[in-house]
Structure formats: C-alpha cells, structure tokens
Amino acid sequence: MSALASIRDLTVTYRRDGNAVAALRNISLDIVAGERLAIIGESGSGKSTLALAIAGLLPASSAVAGRIEWSGLGRTPLLGRDIGFVFQDPSASLDPVMTIGKQIAEVARTHLGLTWSQAYAKAKTLLERVRLPDPDSALHAFPHQLSGGQKQRVAIAAAIAAGPKLLIADEATSALDTIVQAEIVALIRRLVAEDGMTLLFISHDIALAAELAERIAVFRHGQLVELGATAQIVDAPTQAYTRTLLDAHIGLDAAPLLNRAGLPA
Amino acid sequence: MSPLRRFLRTPEAVAGAILLAALIAMALIAPLLFPGDPQAIAGPALLPPFQDWSLPLGTDRLGRDVLAELFHGARTSLAVGLAAAAAALAIGAVVGTLAGFAGGLVDEVLMRITDAFQTVPSFLLALAFVSVVGPSLGIVVAAIALGTWTGPARVARAEVLSIRERDYVASARAIGMHPLEIAFREVLPNALPPVLAMSSVIVAAAILTEAALSFLGLGDPNRVTWGGMIAEGRAVLRTAPFLSIVPGIALVLTVLGVYLAGEGVVETTAVRRSLS
Amino acid sequence: MSLLAVSNLTKHYRRGGKTVIAVDDVSFHIEPGETLALAGPSGSGKSTIARLVLRLIEPDAGAIEFEDNDFLALGGAALRARRARLQTVFQDPLAAFNPRATVAHVLDDPLRIHGIASRSERPHRIAALLERVGLAADLAPRAIHEISGGQRQRVAIARAIATKPSLIVLDEAVSALDVSVRGQILDLLLDLQRQERIAYLFISHDLGVVRAVSHRVILLDAGRIAESGDARAVIDAPQSAIGKALVAAAPRLKRTTQDAS
Ligand SMILES: Nc1ncnc2c1ncn2[C@@H]1O[C@H](COP(=O)(O)OP(=O)(O)O)[C@@H](O)[C@H]1O
Ligand SMILES: Nc1ncnc2c1ncn2[C@@H]1O[C@H](COP(=O)(O)OP(=O)(O)O)[C@@H](O)[C@H]1O
Ligand SMILES: [Mg+2]
Ligand SMILES: [Mg+2]
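Same order as they appear, the protein sequences are chains A, B and C.
No gaps in the numbering here: position 152 of the first sequence is 160 in this note's numbering, and each next residue is one more.
No gaps in the numbering here: position 230 of the second sequence is 231 in this note's numbering, and each next residue is one more.
No gaps in the numbering here: position 37 of the third sequence is 62 in this note's numbering, and each next residue is one more.
In structure tokens, the structure reads:
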C-alpha cells in the first residue's frame, strides 16, 4: 500500500470581508494509490475545500498552511493531466459555446500531445466509454442539447481524457435523480477500475459513499473526525458524530416516522 | 474595500462629484448671495467681465448681473433636471413593472404605447408639449419626462420578466397576496438597481433638454435659465460673446459632472455586486 | 368527501416547436390529515402537479376539487382568500423569500393579507409561530439571508401554517437540507400533522424518506401515474418498471449490526 499523496497538517483559511474563515484545520491523511476514498460531511464541513486544495484550485483569497506530498507521482501534479476533476454542476465545467467533441479533444491534445484528428478520435472513444448514446453525433453537439446526466458523462469523459492518476468527483451526482445517480456511480466505478485510477469521491450522502468507497473519511467543521475502512465506519464507528450521520440516514428499510393511528380508513 | 473608498479612488468620479457639489452649492447659496431678483437691472448694459468688482461677470443687454443670473440659473437647471429625471424614472418603473408583471394584453398595449413614444424624438415631443400647454416650470418638467421615460420602462420590464419567474414571487401568490402588491412591493424594489443606474444619463439629458427649450424661448419666463441666457447673448454674439460662453461652460461642466459622478456610483456598486 | 380530488389533470408545454406533455391524465385524492407522496425521476412531472394544485399555473384539462369546491372555478379575491387553506413550502428556502425580507416580514404577510390578526396583535402571533416551529422569537428582526438553511426552512413552514391550512404542498422541501436538519424538519412536519390534522402532498425523489413519512405514494413516469398505493407496500414490492428502477437505484447502507430489523 503506497500513498499517491500524503496530506500533512493542511489548514486552509478563506478571507471574506476582513474575516478569516478556517475551512480546514490540521488535516493529515494519505490517499492510497488505486483506492476509492470517500470524503463525507455536511455542507460547509470543508469537503470541497479539500478537493480544491488537492487539485491546486484554491482561490487567491485563501491562505494555506501544511503540505501535500505526491510521493506516488514523483512530481507536482498538473490538473487535467494527473488529476481529473468532476464538479457537481456539469454546466459549470463545460463551455456552452464549444462542441462536446472539441472540449474533450482539447484536453487530450494539450496533455497527450495528439494532433487534432487523433484527439477527436480519442474523444469519440471516450464518449463511447462513458456510454453516451450516439457518440458520433454527440461529438458535434453542444452541452445545452444534453440532459443533466448526459452532461455529467461528458464532464467525466473530459476529466479522464488525459489518463489522470487521480479522479476527484465533488458531489458529482448530487444534482441528479436517483436513477441517473446510480448510473453515474456505476460508470465512475467501472472507469476507475479499468484505468487503475485513484478515486476521491466527495459526497454528503453516507450511503452512497459506502456503496462506492473502500475507505471513508468523515469531516465536520473543517476537521477530520474519523477515517477508516467502509465496513468499520458503517458498522463500528468510533466517533459519536459518525454514528449521528449513520442514524440520520433514512433508508428503504428505515422504521416509519409516521404514526398511522390518527388517519381515517 | 468599501464602495465609498473605491469611489474616491476613481479620479473621474471624484472630478464629477466635485463639479456636482459646486453646482449644488451654487443653487443653494444663490438666494443668500444674490437675494434680489436676478432679472432686475443691476448696472449699465453690456458691462464686460472683470471690470467692476461688484459685477464680476459683467452685465447683459438689459444690464442684469450675469453672475447672479448664473447662480439662479443653476437652481433652475438642477431643479428641472432632477425633477424630470425622477418623473421619467418613476413613470418608466411603473409602466415597465406593470407590463412585465401582468404580461399578455396589458404588456402588449403598454409596450405599443412605449414604442409610440420612443419613435417620436424626445426633444420634438417636449417642444410640441410646451408649445401647446404653455411654458412653466412644471410643464417643462412634464415635457422632458414625457420623452425620457421609455428607456427606464424597457429596462424595468426586462428585469421584472426575469424576477417574475423566481420562487419568491410564486410564494407570494401562494399566500394570496394581491397581484398589485406583488408587483410593486415584492418585484419592483428588486428590479430597481439597473433602472437607477440610468439616472445619471437621464439627469444630464434632462438638463440639456431644459436648456434647449429655454434657448428656444419655451422655458419658464419667470425664471433665469442657462439656456435662456445663451439665447439672450446670441443677439450680441460678436460684440459680447461672453454672455453666451459663460452659461455655455456652466452647462457643459454640469452635464459632465452629473455623468461622471453617476457613472462612478454605478461602477463602484456594480463591482461590489459582482464580488458578492 | 376527499380534501383534495384531482381528476384527469393534463398539462402541456410548448418548447422549441415541440409539445412536452408534463402531466398526462393524472387523478388522485388526498384525505384530511393524510400524507400522499409523489415520487419519480426528474422531469416526471412532480413539480408541475404541485404548481397546478396550487393554481400557480393552469391545466390544459382536468378538474381540481378542494374542500368540496371547484378550485379551478375560483378567481380573483375568492381564489386569494381560499389560498389560506392550501399552502406550500419550496425546496430552496433562500429562493422562496424576497431577498430583502426579514423573518418578521415574511410571517407578517399571511397574517395581514388574510386578516388573521390586527396590526398590534401580529408581533405576538409571529412570536408564537416561530415558537411553534422550534425557533426563538428573537429571530424575528433578522434578515432571511442571515439565518441558517435549516432555520430558513422552519420559517417557510411557519409562513405556511400561519393561515391554518388544511393541505400543504411540499415540493422537495427537505431535499436540500443536511441529513441531521432533515430529520428535525420531518419530525416538525409530522408533529404539525398530528396536532392540526394537516394533509401533505409530499414530493420527493428519495424513496427512503417517502416510505418513512407517507401514507400513500404515487410513482410518476413521464407525466403519468405508473403505480400507486400504500407507501410501504409499493416501495417494498414495486410492480412498475419505474418503481423497480427507483428502488434498485436507491443507495443502501448495509449495516450488519442493524440488518436484523
Ligand atoms: N471562496 C470562499 N470564500 C470564503 N469562504 C469560503 C469559500 N469557499 C468556502 N468557504 C467556506 O469554507 C467552509 C467550507 O466550505 P466547503 O469546503 O465548500 O464545504 P463543503 O464542500 O463541505 O460544503 C464553509 O464555511 C464555507 O462557507
Ligand atoms: N415552464 C416550462 N416550460 C417548458 N417545459 C417545462 C416547464 N416546466 C416543466 N417543463 C417540462 O415538464 C416536464 C416535467 O417537469 P417537472 O414537473 O419540473 O418535473 P419534476 O418536478 O418531476 O422533475 C419536464 O419535461 C420539464 O422539462
Ligand atoms: Mg462542497
Ligand atoms: Mg421538481
């Protein structure tokens, strides 16, 4: 088990209207090469900040202390080439006035040094891999012509176009309905396995994270509460907060909250 | 950085604010500095400037004090400019809100009327209106507003059309709020910022239009106006050009000041909005 | 008689020359004090039904009876008055309030519009409403954008119950909340239902939540009713294709310690 990246004492502070907001406090964790690691926590717990810090995407208004060592990579990672990033809102990462084919081809061309025609061929293969219906015509389509789930497939194709070692998905399925979400999760699982990528899966949904990840890190108020194998986190959490999150999940087998007594037959 | 600090760091905005402050000061102190009737005879006719220090800018054809006229003219320019712009913005905001919010036939009718007003050049409209109704301060204000409300109306309508689809408007309907209350209390205040952003241009245009009307002899005859002063001076343009040049410069500086200060305000608040 | 009876409701949208049938011949009823859930994939017509029932949009065909009246026949002041009985809570409480409003202001509106309390009484009513939804009365002067998401959704519920409605439409009203807050809001809704016999039209894409809080469920697919019945019976053994797909797609937390239940 070798670490792809080692995060040590990472502290991130945002400055806003003269106040300092500590979004992450003294985070230390290893991302193991080839693993599927989930980051879970409620909104504002610092999940996205961690993802942005790892991808080198933090805004200029932030102050960073601590370090991230890329021992498994042996170089400073480059977003696009070494790290693929999928956001919650695919419209935010796709250019509305550029064809889908060109957007994916551009990533392949920039990072793999392909010619345009090679890059387009690669784009078509990628659209097939993410199971976009009719990849030939999709190459020439614009993002607004696709549904939310299809856009997210395109965003994933662009994220993995250069064959990154690490794929970060930040709430990538949260805006989708349950059925499409399950499809996208299955897609991510398959692509990560096929390409031997490491996955950092960020979600507020502990059940979804548990279905996909091998390890789960629980965040709260910018701090790492607990990190462990999925089975341990789900079955034997050591922290009360983790247990609270587990108990708050309302699954298909949950006891009804409803008292049915008062209703007329 | 606070909007005020940002405003103060923009040299054009500061220059505009100073010009505007000077104009307002002139308007405010005019009755104190020149308590008498500015249209009364104060000395010999056509006295050139800088000759007699009791009449620093000299006198006009009828022997009236040019400096006193200039100060009192600032009052008229400012009053008419602000009142006409306020009226235009108010009419425009109300018409635009009604059209955008009601939609359908109401929108169709109101926008046709807006089109009709917009196709007639606003100055001609003002001219015709004053010629028919007769010149007085209120009529001049109405005449200018009549030709300038269409711009604010279109901007307000476009803004209202997008706000209308927001959840909070649906929520107001769902609790049974009256449509007029929704339009004017819930929607209009949130549609105002882009409409108010037009005010500097409208005030500047209104001041110019007032001057032009006065120049053509259609201003309020009982008040000194810069446009009237320029027209007065025209008869003796060769022998006493300063009679037209002095109010002309005042007019240009005023319009420039209003425009620069207004743009400064819009700019600094727009930056703030895009940051938040 | 049912509290709400919807029959053969149909709504079309025109989009780029094509007609989208958002709601297609949908009929259902809700009894007093009952929770009827609408579930289905996105685009299946859930929100369109909510807006039709609330008379925020007009149907192309169909009938709506509410409290034994032809709800579609109402207009103007009569409709506005009747809205007191049929309230709603939206998904995003920030978008559902005027950005300039304060908590007191959004609660004052329904009391004033429906003449429920005089001007001098209203501050007390507002304080009582805030307390009813588990908020401190001193929250009243705060701006809506200053309070937390969970507090905002409580304010939205307070606004909805201010006029003593018999039915509240909840369109994904708990979907955007953190899980811990969501549990509290669901408890509040169920408590209100027990105390005041309020019925809910509960819209959610989350079958776990639907199963836990609803009496009956309607599964929608492409604007049509695919399946309906007792919430637990339908979700435990779905018969329709969409029901099976929705159940299969729901994330499951496999807790060995709790699997016995
Ligand atoms: N660009 C930013 N400027 C200022 N504060 C921010 C910024 N981004 C996030 N924050 C704050 O940092 C904290 C963590 O946010 P985030 O990492 O987005 O959490 P999560 O993704 O878990 O919801 C929150 O309190 C949030 O308000
Ligand atoms: N204002 C509208 N104009 C055009 N199409 C609409 C509009 N509102 C909804 N639709 C369409 O109607 C269908 C149902 O939408 P909706 O009721 O919002 O579904 P849900 O709430 O189940 O996700 C979708 O195909 C949607 O695109
Ligand atoms: Mg986030
Ligand atoms: Mg919806």
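All C-beta atoms in this analysis are idealised placements derived from N, C-alpha and C, irrespective of residue type, glycine included.
Find the residues of chain C that neighbour residue i, judging by a C-beta separation of less than 8 Å, and give them in chain order.
{"i": "residue 248 of chain A", "result": "The contacting residues do not exist; residue 248 of chain A stays about 12 Å from chain C at best."}
{"i": "residue 167 of chain B", "result": "120"}
{"i": "residue 19 of chain A", "result": "Here the premise fails: no neighbours, minimum Cβ distance about 24 Å."}
{"i": "residue 187 of chain B", "result": "123"}
{"i": "residue 51 of chain A", "result": "174 and 203"}
{"i": "residue 262 of chain A", "result": "233, 236 and 237"}
My output table needs one value for residue i: the three-state DSSP class, helix, strand or coil.
{"i": "residue 90 of chain C", "result": "strand"}
{"i": "residue 159 of chain A", "result": "helix"}
{"i": "residue 84 of chain A", "result": "coil"}
{"i": "residue 240 of chain C", "result": "coil"}
{"i": "residue 223 of chain B", "result": "coil"}
{"i": "residue 142 of chain A", "result": "coil"}
{"i": "residue 275 of chain B", "result": "Caution applies to residue 275 of chain B, whose pLDDT of 46 falls short of 50 and renders its modelled position unreliable; the value that the coordinates give is listed next. In the structure shown, residue 275 of chain B sits in a helix (DSSP, three-state: H, G or I)."}
{"i": "residue 56 of chain C", "result": "coil"}
{"i": "residue 243 of chain B", "result": "helix"}
{"i": "residue 35 of chain B", "result": "coil"}
{"i": "residue 284 of chain C", "result": "At residue 284 of chain C the pLDDT is 44, less than 50, meaning the model places this residue with poor confidence; the figure from the coordinates comes in the next sentence. Residue 284 of chain C: coil per DSSP, three-state reduction."}
{"i": "residue 48 of chain C", "result": "strand"}
{"i": "residue 269 of chain A", "result": "Low confidence applies to residue 269 of chain A: its pLDDT is 49, below 50, so where it sits in the model is not reliable, and the reading given next is rough at best. Residue state, collapsed to three classes: coil."}
{"i": "residue 185 of chain A", "result": "coil"}
{"i": "residue 80 of chain C", "result": "coil"}
{"i": "residue 236 of chain A", "result": "strand"}
{"i": "residue 20 of chain B", "result": "helix"}
{"i": "residue 210 of chain C", "result": "helix"}
{"i": "residue 269 of chain C", "result": "helix"}
{"i": "residue 257 of chain A", "result": "coil"}
{"i": "residue 36 of chain C", "result": "strand"}
Under 9 Å Cβ-Cβ, which residues of chain A neighbour residue i?
{"i": "residue 196 of chain C", "result": "Those do not exist, as residue 196 of chain C stays about 14 Å from chain A at its closest Cβ, beyond 9 Å."}
{"i": "residue 208 of chain C", "result": "255, 256, 258 and 265"}
Taking residue i as the query, report the chain C residues whose CB atoms sit under 7 Å from its CB, ordered along the chain.
{"i": "residue 259 of chain A", "result": "233, 277 and 278"}
{"i": "residue 171 of chain B", "result": "81"}
{"i": "residue 218 of chain A", "result": "278"}
State yes or no: is the C-beta of residue i within less than 7 Å of the C-beta of residue j?
{"i": "residue 154 of chain C", "j": "residue 164 of chain C", "result": "no"}
{"i": "residue 113 of chain C", "j": "residue 225 of chain C", "result": "no"}
{"i": "residue 136 of chain C", "j": "residue 147 of chain C", "result": "yes"}
{"i": "residue 156 of chain A", "j": "residue 135 of chain A", "result": "no"}
{"i": "residue 245 of chain C", "j": "residue 70 of chain C", "result": "yes"}
{"i": "residue 230 of chain A", "j": "residue 63 of chain A", "result": "no"}
I want to verify the contact list: residues of chain C whose CB lies under 9 Å from the CB of residue i, in sequence order.
{"i": "residue 190 of chain B", "result": "123 and 125"}
{"i": "residue 212 of chain A", "result": "203 and 204"}
What residues from chain B crowd round residue i, counting only those whose CB sits closer than 8 Å?
{"i": "residue 112 of chain C", "result": "175 and 176"}
{"i": "residue 115 of chain C", "result": "168, 171 and 172"}
For residue i, go through chain A and note every residue whose CB falls closer than 8 Å to its CB, in chain order.
{"i": "residue 66 of chain C", "result": "185, 186, 187 and 188"}
{"i": "residue 272 of chain C", "result": "260"}
List, in chain order, every chain B residue whose beta-carbon is nearer than 9 Å to that of residue i.
{"i": "residue 139 of chain C", "result": "176 and 177"}
{"i": "residue 106 of chain C", "result": "177"}
{"i": "residue 184 of chain C", "result": "172 and 176"}
Taking Cβ-Cβ distances shorter than 7 Å, what residues in chain B pair up with residue i?
{"i": "residue 134 of chain C", "result": "176 and 178"}
{"i": "residue 109 of chain C", "result": "177"}
Check the Cβ of residue i against every Cβ in chain F and list those closer than 7 Å, keeping chain order.
{"i": "residue 157 of chain C", "result": "The structure shown has no chain F; the protein chains it does contain are A, B and C."}
Legend entry - Every unbroken alpha helix (DSSP H) within the region 94-124 of chain C, with a cutoff of 4 residues, ordered by chain: 101-107
Legend entry - Touching by the beta-carbon criterion (3+ pairs, under 8 Å), the region 212-222 of chain C and the region 181-196 of chain C: yes
Legend entry - 3-residue-minimum beta strand (DSSP E) runs that sit fully inside the region 202-231 of chain A, ordered along the chain: 206-211 and 223-228
Inset, instruction - Would you mind listing the alpha helix (DSSP H) stretches within the region 119-191 of chain C that are 4+ residues and don't spill past its ends, in chain order? - result: 128-138, 147-157 and 174-186
Inset, instruction - List in chain order: all unbroken alpha helix (DSSP H) runs of 4+ residues lying wholly within the region 116-193 of chain B. - result: 123-134, 138-149, 151-164 and 168-175
Legend entry - Segment contact, 8 Å Cβ cut-off, at least three pairs: the region 232-247 of chain B with the region 59-72 of chain B: yes
Legend entry - Uninterrupted alpha helix (DSSP H) stretches inside the region 16-80 of chain A (no shorter than 4 residues): 55-63
Inset, instruction - Could you tell me whether the region 182-199 of chain B touches the region 85-98 of chain B, using the rule of 3 or more Cβ pairs below 8 Å? - result: yes
Legend entry - Cβ contact check for the region 207-221 of chain A and the region 36-49 of chain A: 3 or more pairs under 8 Å: yes
Legend entry - Start-end ranges of the beta strand (DSSP E) lying completely within the region 90-143 of chain A, minimum 3 residues: 91-94
Inset, instruction - Check whether the region 81-100 of chain C touches the region 269-280 of chain C, counting contact only when three or more Cβ pairs, one atom from each stretch, lie closer than 8 Å. - result: no
Inset, instruction - Count the C-beta pairs between the region 206-215 of chain B and the region 225-235 of chain B that are closer than 8 Å, then say yes if the count reaches three, no if not. - result: yes
Legend entry - At least 3 beta-carbon pairs within less than 8 Å: the region 157-175 of chain A vs the region 183-199 of chain A: yes
Inset, instruction - Could you tell me whether the region 37-50 of chain C touches the region 202-211 of chain C, where touching means 3 or more Cβ pairs closer than 8 Å? - result: no
Legend entry - Inter-stretch contact (C-beta, 8 Å, three-pair minimum) for the region 113-123 of chain A and the region 74-92 of chain A: yes
Legend entry - At least 3 beta-carbon pairs within less than 8 Å: the region 176-185 of chain B vs the region 121-132 of chain B: no
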